[in-house]
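This report concerns only the one structure given below.
Protein chains: 2
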Amino acid sequence: MIRRIPQARDRGIPDATVARLPLYLRALNGMAERGTATVSSEDLALAAGVNSAKLRKDLSHLGSYGTRGVGYDVQYLIYQISRELGLTQDWAVAIVGVGNLGRALANYGGFASRGFRIAGLLDADPHVVGDRIAGLVVEHADELESVIKKRGVSIVVIATPATSAQQVCDRVIAAGVTSILNFAPVVLAVPDGVDVRKVDLSIELQILAFHEQRKANGGPIMAEEWPDGVVM
Amino acid sequence: MIRRIPQARDRGIPDATVARLPLYLRALNGMAERGTATVSSEDLALAAGVNSAKLRKDLSHLGSYGTRGVGYDVQYLIYQISRELGLTQDWAVAIVGVGNLGRALANYGGFASRGFRIAGLLDADPHVVGDRIAGLVVEHADELESVIKKRGVSIVVIATPATSAQQVCDRVIAAGVTSILNFAPVVLAVPDGVDVRKVDLSIELQILAFHEQRKANGGPIMAEEWPDGVVM
DNA sequence: GTGCCTTTGTGAAGCAATGCACAAAGTCGA
DNA sequence: TCGACTTTGTGCATTGCTTCACAAAGGCAC
């Protein structure tokens with residue numbers, strides 16, 4: 527059995543840490559805009575909404591970029607986190623499914639500001655194909671493979687109805703894409719080596735509802751039975 | 527030191543479990559539509575994309591609803607999970623910010639199908655106020671407090687620009703709301719007892735970019751220095 | 001009934017993430 | 001140069017989640 531020995535510069539960054547790096551980056555960018563030169567872990571943690579020990583441990587996974595007694599250089603840390611996240615390069619993104627959500631995504635400014643460039647908008651509906659959205663012309667979904675290959679698309683956003691999501695998913699994987707952001711309310715089946723991240727509005731609401739219900743009836747346990755008339 | 531003794535019907539369901547219940551529910555609904563009467567943990571786990579031991583442990587937190595040798599009754603389990611999540615009641619949701627994203631959310635069918643009813647659409651822009659979207663007329667953001675109180679809104683979705691999100695957040699909390707779904711790219715500061723869930727498209731893309739970069743340059747460590755010409 | 005087969009529910013082990021607390025490393029004023 | 005002060009980086013204990021593996025429970029055929 528092989529056990530990894532943690533190195534001084536261990537490249538295995540915990541998932542939980544990776545998920546928080548963009549948060550730190552955003553807070554740092556805000557500080558940079560306001561002209562802040564250095565920041566302590568305490569202040570940055572506050573801005574990012576985490577505890578300072580966690581922040582320091584997270585950053586320590588990237589390297590030793592702080593100065594004791596002073597804190598972190600804002601610009602330098604922005605650069606290091608950006609590099610670690612791969613934002614110093616340009617990522618071509620294609621959005622498949624140009625309904626309400628797809629349009630919202632295409633118009634969302636937050637993409638371009640980081641290294642993400644929308645390289646294609648595709649839809650299967652002939653009525654939508656040809657529309658101009660956020661400076662791009664919507665192409666037919668038949669072009670999916672060729673768009674991916676010609677424009678070097680490496681990340682695909684699926685914003686189609688649930689029924690076509692798996693099919694789109696299979697096609698983009700066959701075309702060589704290994705990073706997918708899925709907005710369709712389905713669990714996508716993908717081979718090993720393909721990363722899927724899921725954003726599901728309905729699930730988030732359901733989680734909120736659970737906690738809201740908890741708050742409402744704090745202690746009392748409700749009836750655990752079937753409603754009247756339902757036979758088991 | 528007081529240690530909680532786990533009860534047979536312990537009400538403290540782990541967060542990780544709560545987050546997966548909607549997934550199980552969706553898989554079960556699909557099975558119910560296809561007329562499946564009972565399902566084993568193995569099959570349900572497959573449909574939900576988790577491992578079967580985890581599924582069983584998750585369900586065991588709700589109670590003992592399976593039958594050994596047979597599996598789970600689909601309808602019964604749907605009911606129990608729905609009840610646990612609080613979906614057997616009706617939740618009034620208000621959406622603040624009717625830009626591209628707000629519109630997409632308003633038109634998203636997935637809400638109504640569960641117990642979520644959109645009870646209000648609000649925006650600060652006079653050009654948008656009065657528009658009819660998904661059967662509702664957009665009201666002015668000034669009406670926020672009155673809409674929340676009159677219509678019993680208990681969950682608010684914030685889909686405003688980042689700059690106004692905290693202000694909206696403060697107002698809805700003052701109006702008594704304790705569950706917020708935030709799409710604005712900011713960390714909202716809220717008092718204890720208020721639940722905020724965050725959906726951030728840009729963060730998801732950044733996480734994907736990290737893994738994509740990892741895959742691209744598998745082993746070789748890149749230069750760790752500043753780019754040429756940058757002075758520390 | 002009885003015995004075999006399937007599947008659940010759950011202890012227990014393993015693993016990952018969190019948070020504490022402090023030594024080490026640096027700054028800065030005198 | 002020195003000493004006081006600040007803040008990082010990290011070892012360690014703790015908590016929470018996941019996974020394994022199996023006894024217990026129930027169905028079903030005969």
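Chains as they are written, first to last, in the numbering used here: chain A, 527 to 758; chain B, 527 to 758.
Just so it is clear, CB atoms sit at the ideal spot from N, CA and C, and this is done for glycine as well.
Exposure label - residue i; buried when at least 16 CB within 10 Å
i, result
"MET748/A", "Residue confidence is low: MET748/A scores 39 on pLDDT, short of 50, so the model does not pin down where it sits. No coordinate-derived value is stated."
"GLU568/B", "exposed"
"ASP536/A", "Low confidence applies here, because ASP536/A scores a pLDDT of 47, under 50, leaving its location unreliable; read the following figure in that light. Under this definition ASP536/A is an exposed residue."
"ALA632/B", "buried"
"ARG594/A", "exposed"
"GLY641/B", "buried"
"MET527/B", "At MET527/B the pLDDT is 38, less than 50, meaning the model places this residue with poor confidence and gives no usable figure here."
"THR614/A", "exposed"
"GLN739/B", "buried"
"GLY592/B", "buried"
"SER705/A", "buried"
"ASP541/B", "exposed"
Interface residues of chain A facing residue i [CB-CB closer than 7 Å]
i, result
"ASP721/B", "LEU734 and HIS737"
"GLY636/B", "PRO711, LEU727 and SER728"
Contact under 8 Å by Cβ, residue i with residue j
i, j, result
"HIS737/A", "ASP721/B", "yes"
"GLU730/B", "ARG723/A", "yes"
"ILE674/A", "VAL712/A", "no"
"GLN732/B", "PRO548/A", "yes"
"LEU551/B", "ILE621/B", "no"
"TYR598/A", "LEU572/A", "no"
"LEU714/B", "GLN692/B", "yes"
"ASP616/B", "ARG643/B", "yes"
Top-ranked residue by Cα proximity to residue i, from the options
i, options, result
"ALA618/A", "LEU727/A, ALA645/A and LYS675/A", "ALA645/A"
"ILE681/A", "SER728/B, LEU581/B and VAL663/B", "SER728/B"
"THR686/A", "ASN626/A, ARG677/A, PHE637/A and ALA542/A", "ASN626/A"
"HIS653/B", "LYS676/B, MET557/B, ASP616/B and VAL624/B", "VAL624/B"
"ALA558/A", "LYS580/A, TYR605/A and ALA542/A", "TYR605/A"
"GLY513/A", "ASN708/A, PHE709/A and GLY702/A", "Because chain A in this structure spans residues 527 to 758, residue 513/A falls outside the shown range and cannot be described."
"ILE684/A", "ASP649/A, ARG658/A, LEU585/A and VAL576/A", "ASP649/A"
"ASN577/A", "LEU662/A, THR543/A and THR562/A", "THR543/A"
"ALA638/A", "LYS580/A, GLY656/A, GLY661/A and ASP651/A", "GLY661/A"
Span of the alpha helix (DSSP H) around residue i
i, result
"ASN555/A", "541-559"
"SER672/A", "670-676"
"ASP569/A", "567-574"
Partner residues on chain A for residue i, Cβ-Cβ distance less than 9 Å
i, result
"ASN555/B", "Those within 9 Å of ASN555/B in chain A number zero; the least Cβ separation is about 11 Å."
"ARG640/B", "SER728, LEU731, GLN732 and ALA735"
N- and C-terminal bounds of the beta strand (DSSP E) containing residue i
i, result
"VAL598/A", "Strictly speaking, residue 598/A in this sequence is Tyr, with Val absent from that position. Where TYR598/A is concerned, the enclosing beta strand (DSSP E) stretches over 597-599."
Contacts that residue i makes with chain B (C-beta to C-beta distance below 7 Å)
i, result
"VAL654/A", "Correct list: empty, because the minimum Cβ distance to chain B is about 14 Å."
"SER705/A", "LEU734, HIS737 and GLU738"
"ARG552/A", "PRO711"
"ARG560/A", "Going along chain B, no residue has its Cβ under 7 Å from ARG560/A, so there is no contact; the nearest lies around 14 Å."
"LYS583/A", "What LYS583/A touches in chain B: nothing, since even the nearest Cβ is about 18 Å away."
"GLY612/A", "ALA735, PHE736, GLU738 and GLN739"
Cross-chain neighbours of residue i in chain B, by beta carbon under 9 Å
i, result
"ASN577/A", "By Cβ distance, chain B contributes nothing, its closest Cβ being about 13 Å from ASN577/A, past 9 Å."
"ILE681/A", "LEU731, LEU734, ALA735 and GLU738"
"LEU631/A", "ASN626, LEU627, ALA630 and LEU727"
Contacts of residue i in chain A (Cβ-Cβ under 8 Å)
i, result
"PRO548/B", "ASP726, SER728, ILE729, GLN732 and ILE733"
Chain B residues whose Cβ lies nearer than 8 Å to that of residue i
i, result
"VAL565/A", "The premise fails here: VAL565/A is roughly 15 Å from chain B at the closest Cβ pair, so nothing lies under 8 Å."
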